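> For the sequence shown, the numbering used here gives the first residue as 39, with consecutive numbering after it.
Here it is, the structure in full.
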Amino acid sequence: MNYRELLKDKKRIVVKIGSASLTNPNTNCLNLGKMEILVRILTDLRGQGKDVVLVTSGAIAVGRKALGLKERPTERSVKQACAAVGQARLMMLYQKLFAEYSQIAAQILMTKYTMINEISRMNAQNTFHELFQMGVIPIVNENDTVSTDELEFGDNDTLSAIVTALVGGDLLILLSDIDGLYTDDPHQNKDAKLITFVPEINDKLNAMAKSSTNHLGTGGMVTKISAAKIATASGADMVIANGNDVHHIDDIIKGKEVGTLFTANKNTDFNILDYIKTKQYPS
Ligand code: GLU
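Below is the structure:
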């Protein structure tokens with residue numbers, strides 16, 4: 039069976055883009071050209087009748103730029119102040135770009151509490167479903183301004199996998215600063231090979247996922263594998279691809295062999311709430 043071909047028929051797609059993919063590396067300014075293409079591609083997917091969710095980082099990076107802070111802040115209150123400034127700016131831009139294509143977009147900000155509390159979780163789920171019915175594209179980020187250590191997801195790789203499980207998505211695309219999962223860290227080992235297909239997440243694979251954090255975002259390969267465990271256990275396929283070119287989204291949906299595909303492995307015992315409370319990944 040050609041698993042890539044099956045991606046053409048996905049009905050509910052969650053796309054996650056990280057700060058490193060959204061900003062110019064030298065200046066930390068948002069890459070507006072890329073954002074515009076991203077918005078056009080997502081609007082086109084919506085136009086094909088698919089439900090689309092965008093999980094976007096960038097709140098802290100955009101706020102930091104607006105406030106003129108040179109370094110990525112480490113103090114919580116400074117990070118949260120940056121997020122408060124940056125999230126509004128980020129949404130202003132997304133709204134403007136989506137409006138150009140007459141596509142309505144919405145903002146959903148989540149914390150772990152949204153998931154842990156049953157009423158909040160059901161409300162969030164109902165809101166997503168109502169937005170899908172209305173043809174709206176929800177734009178999701180963590181509510182960094184109010185989340186505390188105990189109540190934060192921490193990285194948007196995990197958040198996007200949880201959102202995929204919450205909305206019953208059948209495909210999660212993680213746009214990263216790397217082409218996909220490699221046999222070794224490609225920055226250190228030139229013989230490292232890209233793995234294009236992962237039918238099962240086993241110990242060998244876990245060992246390969248060396249953390250490759252960068253200064254803009256928070257997720258490394260380890261968080262991506264954790265996201266894959268959540269997404270695939272919830273019944274979705276997941277692709278990690280390079281966010282340097284957002285056309286990769288189109289290529290993936292056309293069935294082209296881009297990035298690393300993890301195939302769905304629905305685990306009926308998997309309970310998203312248990313995972314969030316215990317951080318025990320589905321096995
Ligand atoms: N929520 C954070 C932000 O918008 C980013 C988290 C991440 O990059 O994974 O800045």
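We treat Cβ as the ideally placed atom computed from N, Cα and C, and that holds for glycine.
A quick note: this is a predicted structure, and the numbers were derived from the prediction, not measured.
(1) Are at least three pairs of beta-carbons, each pair with one atom in the segment 283-293 and one in the segment 259-270, less than 8 Å apart?
(2) Put residue 148 into one of helix, strand or coil per three-state DSSP.
(3) Decide yes or no for the touch test of the segment 272-280 against the segment 224-232: beta carbon pairs closer than 8 Å, at least 3 of them.
(4) How close, in whole Å, do the beta carbons of residue 50 and residue 208 come, if the pair is a contact with beta carbons under 8 Å?
(5) Mind the definition here: the segment 194-212 touches the segment 49-63 only if three or more C-beta pairs lie below 8 Å; say whether that holds.
(6) Flag residue 216 as yes when its Cβ comes closer than 7 Å to any non-hydrogen atom of ligand 1, and as no otherwise.
(7) With residue 263 as the anchor, note down where its beta strand (DSSP E) starts and where it stops.
(8) State whether the segment 161-168 contacts the segment 93-107, with contact taken as three or more CB pairs (one from each stretch) at a distance under 8 Å.
(9) Can you tell me whether residue 176 is buried or exposed, with buried defined as 16 or more other CB within 10 angstroms of its CB?
(10) Among the candidates 128, 200, 142 and 136, whose CA atom is the shortest distance from the CA of residue 98?
(11) Work out the CA separation of residue 196 and residue 298 for me, nearest whole Å.
The structure says:
(1) Contact between the segment 283-293 and the segment 259-270 is absent, because fewer than three Cβ pairs lie under 8 Å.
(2) As a first step, residue 148 is located in the sequence shown; it is residue number 110 there, counting from the start. Residue 148: strand per DSSP, three-state reduction.
(3) No, because fewer than three Cβ pairs between the segment 272-280 and the segment 224-232 fall closer than 8 Å, the two stretches do not touch.
(4) If you number the sequence shown from 1, residue 50 lands on position 12. If you number the sequence shown from 1, residue 208 lands on position 170. With a Cβ gap of about 5 Å, residue 50 and residue 208 count as contacting.
(5) At 8 Å Cβ cutoff, the stretches touch.
(6) Counting from 1 along the sequence shown, the entry for residue 216 is found at position 178. Outside the cutoff, so no.
(7) As a working mapping, residue 263 is identified with position 225 in the sequence shown. Here residue 263 belongs to no beta strand (DSSP E); instead the alpha helix (DSSP H) covers 259-271.
(8) Because the criterion of three Cβ pairs below 8 Å is not met, the segment 161-168 and the segment 93-107 do not touch.
(9) As a first step, residue 176 must be located in the sequence shown, where it is residue number 138. The C-beta of residue 176 has 16 or more other C-beta atoms within 10 Å across all chains shown, which makes the residue buried.
(10) Counted from its first residue, the sequence shown places residue 98 at position 60. Here the closest residue by C-alpha is 128.
(11) Stepping through the sequence shown from its first residue, residue 298 is reached at position 260. Stepping through the sequence shown from its first residue, residue 196 is reached at position 158. Going from the Cα of residue 298 to the Cα of residue 196 covers about 17 Å.
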